[in-house]
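Enquirer:
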Amino acid sequence: MPLILVRIIKALKFMPVSTASSSFSTSKPFILQETAEGTFSANYIIHAYEQGRQKGMNDKLIELESEAKNSFLKNRDYTIKTINHFIGDLITEGVVTQRGWIKSEGIGDFDVMIAVPQNNYLSEDFERFYVKANEIESESNSSEFRLNIRFINGSKPINEEKLSCDGYKIRFDINTSPKNKA
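Residue 0 is where the sequence shown starts when you use numbering that gives the first Met the number 0, and the numbers rise one by one after that.
1. In the DSSP assignment, find the unbroken beta strand (DSSP E) run with K168 in it and report its ends.
2. Count the other CB atoms, across all protein chains shown, that sit within 10 Å of the CB of I148; report buried if there are 16 or more and exposed otherwise.
3. Note down the Cα distance separating Y167 from S103, rounded to an integer number of angstroms.
4. What span of residues does the beta strand (DSSP E) with L121 cover, start to end?
5. From the DSSP output, which residues share a beta bridge with D76?
6. Measure the C-alpha to C-alpha separation of S70 and K59 and round it to an integer number of angstroms.
7. Hey, Y120 and N152 are a contact pair by Cβ (cut 8 angstroms); roughly how many whole angstroms apart?
8. Could you name the residues of the same chain whose beta carbon sits closer than 6 angstroms to that of K132, not counting the 5 residues immediately before and after it, in chain order?
9. Exposed or buried, V130, counting other C-beta atoms within 10 Å across all chains shown (16 or more means buried)?
10. Following the continuous beta strand (DSSP E) through S103, name the residue where it begins and the one where it ends.
11. Would you tell me roughly how many angstroms separate the C-alpha atoms of D165 and I44, rounded to the nearest one?
12. Within 10 Å of its beta-carbon, does I61 have 16 or more other beta-carbons around it, so buried, or fewer, so exposed?
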């Protein structure tokens, strides 16, 4: 059976020539080399294609991983900045919260749970913070990002092990006191 010969552009000549086996041929290794007429065998072309495809796939995977990491970090930083501002509003209004937790369910999906003292948590006046949290969520949420803010009663013991099992892996402590209302 004659070898199929194909003329290749000169750039292909710069590829290293080595002994290799191909899934398209027998299990015997063969030597990839240019013929005297300046053409290459079909096996050489297949091998070059396989190498290029694999390199392209590896490069794309590295690019996608980098984009995902950058997107996650951008969304995480936005979440932290937004929650810091929101907690600042709580403290300014006299709601002393000591801690909270952040859960990431993906690159752009963050849940925040804030522990609030029971006297604030149960008061009718606290409803405005639910409204404010809803406004923040509505302003922040898009097809690529979702932020959900929740409150829990911080006066009772909180089982942090269960929270961790539920995915709330980042705990933050709040070490400031409210401003005096005059």
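All C-beta atoms in this analysis are idealised placements derived from N, C-alpha and C, irrespective of residue type, glycine included.
Expert: This is what the structure holds:
1. Looking at the DSSP string, the run of the beta strand (DSSP E) that includes K168 is Y167 to D172.
2. Result: buried.
3. Roughly 7 angstroms separates the two Cα atoms.
4. It is not in any beta strand (DSSP E) - L121 carries neither H nor E in the DSSP assignment.
5. For D76, which the question treats as bridged, DSSP gives no partner whatsoever.
6. Between S70 and K59, the C-alpha separation is close to 16 angstroms.
7. The pair is a contact, with the Cβ atoms about 5 angstroms apart (cut-off 8 angstroms).
8. Here residue 132 is Ala; the residue named in the question, Lys, does not match the sequence. So the list reads I148, once near-sequence residues are dropped.
9. Exposed.
10. Segment R98 to S103, the beta strand (DSSP E) holding S103.
11. Approximately 52 angstroms between the Cα atoms of the pair.
12. Exposed, by the Cβ-count rule.
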